[in-house]
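Down below is the structure, laid out as structure tokens.
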Amino acid sequence: MDPDLSIQSLFVRGSSLSRNKLSLLRRYCATEAKSSAFLDSIDKEDLENFLQRVLDVAVGRDVSNESDVEKLKFQKLALRTLVNAVNRSVMLRSFLNQKTLHTLRVILKQQVLQVEVCALLNTIFCHNLTELQSTDEYALLLGDLINLWAEEKSWISSILSICFEKSLSFLSYCYERLDLSTFTNLLYSVSVLADKSDDQKAINLSISDARFCVELLKEFERICENMLSCGDLEHNGKKCLVPMYAMMYLLEIISLLALERPDYNAVFHPCIDGIRYVVWILEAIIDNEISHEIQSFKPSNAPDRPSKEPLKRRDVANNSFISKLSMYLCFMNAHDIGLLKRNCMEALQNLCCESLQNQVIAGDFDAISLVLSCARRLDSNCPSQIQRAIAVLRFLCIGCQENQARLARINNAAPAIIDTKRLFLEMGIESIIDPASNTVKLKKAT
Numbered sequence: 001m002d003p004d005l006s007i008q009s010l011f012v013r014g015s016s017l018s019r020n021k022l023s024l025l026r027r028y029c030a031t032e033a034k035s036s037a038f039l040d041s042i043d044k045e046d047l048e049n050f051l052q053r054v055l056d057v058a059v060g061r062d063v064s065n066e067s068d069v070e071k072l073k074f075q076k077l078a079l080r081t082l083v084n085a086v087n088r089s090v091m092l093r094s095f096l097n098q099k100t101l102h103t104l105r106v107i108l109k110q111q112v113l114q115v116e117v118c119a120l121l122n123t124i125f126c127h128n129l130t131e132l133q134s135t136d137e138y139a140l141l142l143g144d145l146i147n148l149w150a151e152e153k154s155w156i157s158s159i160l161s162i163c164f165e166k167s168l169s170f171l172s173y174c175y176e177r178l179d180l181s182t183f184t185n186l187l188y189s190v191s192v193l194a195d196k197s198d199d200q201k202a203i204n205l206s207i208s209d210a211r212f213c214v215e216l217l218k219e220f221e222r223i224c225e226n227m228l229s230c231g232d233l234e235h236n237g238k239k240c241l242v243p244m245y246a247m248m249y250l251l252e253i254i255s256l257l258a259l260e261r262p263d264y265n266a267v268f269h270p271c272i273d274g275i276r277y278v279v280w281i282l283e284a285i286i287d288n289e290i291s292h293e294i295q296s297f298k299p300s301n302a303p304d305r306p307s308k309e310p311l312k313r314r315d316v317a318n319n320s321f322i323s324k325l326s327m328y329l330c331f332m333n334a335h336d337i338g339l340l341k342r343n344c345m346e347a348l349q350n351l352c353c354e355s356l357q358n359q360v361i362a363g364d365f366d367a368i369s370l371v372l373s374c375a376r377r378l379d380s381n382c383p384s385q386i387q388r389a390i391a392v393l394r395f396l397c398i399g400c401q402e403n404q405a406r407l408a409r410i411n412n413a414a415p416a417i418i419d420t421k422r423l424f425l426e427m428g429i430e431s432i433i434d435p436a437s438n439t440v441k442l443k444k445a446t
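Sequential numbering of the sequence shown, starting at 1, is according to full-length UniProt numbering.
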């Protein structure tokens with residue numbers, strides 16, 4: 001069906017953009033495949049002029065005589081018409097540029113129009129992302145969208161999915177151009193959208209993005225080190241909360257991707273740097289816990305009730321990242337420290353799941369004794385975390401003789417509540433003491 005004269009008149013310079021005409025064009029583009037040929041046959045200058053006039057209406061210009069309710073309806077109609085027209089017309093898409101993105105950023109600030117703007121951006125990014133991502137407005141627009149993710153999850157999740165699909169180094173691009181707080185919000189969004197547990201995974205990260213997640217852990221080490229060296233602890237400790245939350249979300253992303261085999265084997269199996277930082281962060285958490293225990297330790301005054309010796313801190317003085325991170329944790333609330341600890345253990349578990357190389361690497365970084373420390377009876381260790389520590393130990397030791405031997409040799413497991421003998425039996429192993437050498441040996445359970 002050919003468009004009627006009302007639709008054709010929209011592209012005549014000086015003609016008015018009435019509500020009725022825009023509604024007809026919107027419906028025509030939605031239902032008629034011929035609308036593509038019609039729009040692309042219009043004179044370029046007329047089509048570009050039409051685009052600008054519709055955007056002016058969407059911003060709120062040229063409708064000043066309308067009531068607020070009618071003005072809002074007209075703005076929404078203009079944006080919805082553009083969604084359909086941009087989907088149909090190659091020529092119309094060629095006029096979308098940095099100025100267009102700037103206009104949409106202005107409209108995005110109006111909460112009542114955010115759904116329509118996001119729908120239009122979703123359409124634009126489907127077709128024109130490659131051409132637009134080199135502009136400054138694209139990076140600014142991404143920042144605006146990321147900070148709005150909690151309010152418009154559905155559309156913005158779709159937009160992020162397109163960005164990850166069409167840009168193989170999207171995380172790296174965003175890290176270079178967004179402030180750290182906004183980038184941390186992006187990592188949180190990714191940690192939610194990359195989760196396959198509910199069969200609704202919305203994004204797929206490229207190998208480059210997965211590798212960049214590991215590189216970011218090293219980058220955040222540098223940030224934390226620099227913050228303490230250029231100011232007082234309290235001021236910079238609070239500033240350091242942002243990269244610490246970023247690390248928490250990064251660990252969750254790494255944990256999710258490590259299980260997607262063989263897609264990310266090249267990055268995570270083996271993954272020396274990833275495991276090193278997971279262990280270091282976990283060690284900082286445990287050091288912070290023990291430090292609090294020592295500070296709150298009160299010896300018993302009753303002679304018939306001797307007090308227990310306080311736990312000793314691990315030697316972290318020779319690792320500035322661990323010692324500084326332990327200090328920064330004082331500025332994090334207990335709930336978030338618990339989440340960070342959980343993410344560390346889950347990342348360690350998933351990296352070592354059926355991965356002998358990673359099991360050995362984790363054992364070399366003393367992960368066995370660290371996980372045992374996570375099973376101590378502390379207020380910060382809820383029953384679920386103790387159970388998680390036991391599960392992580394299994395993943396560290398199943399099929400790995402080196403880690404089984406390490407676990408058997410640990411003599412200071414008393415503060416833990418893990419029955420290592422039972423744990424070995426569950427893995428089909430039995431630990432015995434060799435009377436000749438007085439050492440622990442392992443054999444297959446009978």
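Using N, Cα and C, we set each Cβ at its ideal position, and we do this for glycine too.
Query: Going by the beta-carbon positions, is the gap between L79 and L113 smaller than 8 angstroms?; Result: yes
Query: Where does I294 land, buried or exposed, given buried means 16+ other C-beta within 10 angstroms?; Result: exposed
Query: Quick check for students: name the residue ranges of the alpha helix (DSSP H) that lie wholly in the region 37-83, counting only runs of 4 or more.; Result: 44-59
Query: Using the three-state DSSP reduction, which class does S6 fall into: helix, strand or coil?; Result: helix
Query: Does DSSP put C271 in a helix, a strand or coil?; Result: coil
Query: Find out if the Cβ-Cβ distance for the pair C224, L339 is shorter than 8 angstroms.; Result: no
Query: Any idea what DSSP makes of residue 462, helix, strand or coil?; Result: The structure shown does not extend to residue 462, since the chain is modelled only from 1 through 446, so no value can be given for it.
Query: Contact between the region 179-188 and the region 144-160: three or more CB pairs below 8 angstroms?; Result: yes
Query: Rank L141, L178, E151 and A194 by C-alpha distance to the C-alpha of E165 and give the top, closest one.; Result: A194
Query: State buried or exposed for T130, treating a residue as buried only when at least 16 other CB atoms are found within 10 Å of its CB.; Result: exposed
Query: I'd like the span of the alpha helix (DSSP H) that includes T135, first residue to last.; Result: Taken as a continuous stretch (DSSP letters only), T135 belongs to no alpha helix (DSSP H), as it is neither H nor E.
Query: Tell me the rounded alpha-carbon separation between L187 and L171.; Result: 9 angstroms
Query: At which residue ranges does the region 93-127 contain complete beta strand (DSSP E) runs of 3 or more residues, listed in the order of the chain?; Result: none
Query: Straight-line CA distance for G399 to W280?; Result: 24 angstroms
Query: May I ask you to report which of helix, strand or coil DSSP gives V360?; Result: helix
Query: Please say whether M91 and L39 have beta carbons closer to each other than 8 angstroms?; Result: yes
Query: Buried or exposed for K99, going by 16 or more other Cβ atoms inside 10 Å?; Result: exposed
Query: If we require 4 or more residues per run, which alpha helix (DSSP H) segments fall completely within the region 323-362?; Result: 334-352
Query: Would you call N318 buried or exposed, if buried means 16 or more other Cβ atoms sit within 10 Å of its Cβ?; Result: exposed
Query: According to DSSP, is residue 459 helix, strand or coil?; Result: As displayed, the chain neither begins before 1 nor continues past 446, which places residue 459 out of reach and without an answer.
Query: Please return the same chain residues whose Cβ sits closer than 7 angstroms to the Cβ of A58, not counting the five positions on each side in sequence.; Result: Q75, A78, L79 and I107
Query: What is the DSSP secondary structure of N318, counted as helix, strand or coil?; Result: coil
Query: Using a 10 Å radius around the Cβ and a threshold of 16 neighbouring Cβ atoms, would you call Q404 buried or exposed?; Result: buried
Query: Taking a contact to mean a Cβ-Cβ separation below 8 angstroms, would you say L393 touches V360 in this structure?; Result: no
Query: My assumption, with CB atoms under 8 angstroms, is that L329 sits in contact with I285. Please give the rounded CB distance.; Result: 7 angstroms
Query: Assign L257 to one of two classes, buried (16 or more other C-beta atoms within 10 Å of its C-beta) or exposed (fewer than that).; Result: buried
Query: Could you tell me which of N97, R211, V190 and L5 sits nearest to L22, measuring between CA atoms?; Result: L5
Query: In whole angstroms, what is the alpha-carbon distance linking R60 and L25?; Result: Residue identity differs from the one stated: residue 60 is Gly in this sequence, not Arg. One C-alpha to the other measures close to 20 angstroms.
Query: Grab me the residues of V83's own chain with a C-beta within less than 6 angstroms of its C-beta, minus the 5 sequence neighbours each way, in chain order.; Result: A119, L120 and T123
Query: Using a Cβ-based criterion (distance less than 7 angstroms to any ligand heavy atom), does A139 qualify as near the ligand NAD?; Result: By its list of ligands, the structure shown contains no ligand whatsoever, and the ligand NAD lies outside what it can speak to.
Query: So F125 and I162 are in contact, right, with Cβ under 8 angstroms, and what is the actual spacing, rounded?; Result: 5 angstroms
Query: Return helix, strand or coil for F11, following the three-state DSSP convention.; Result: coil
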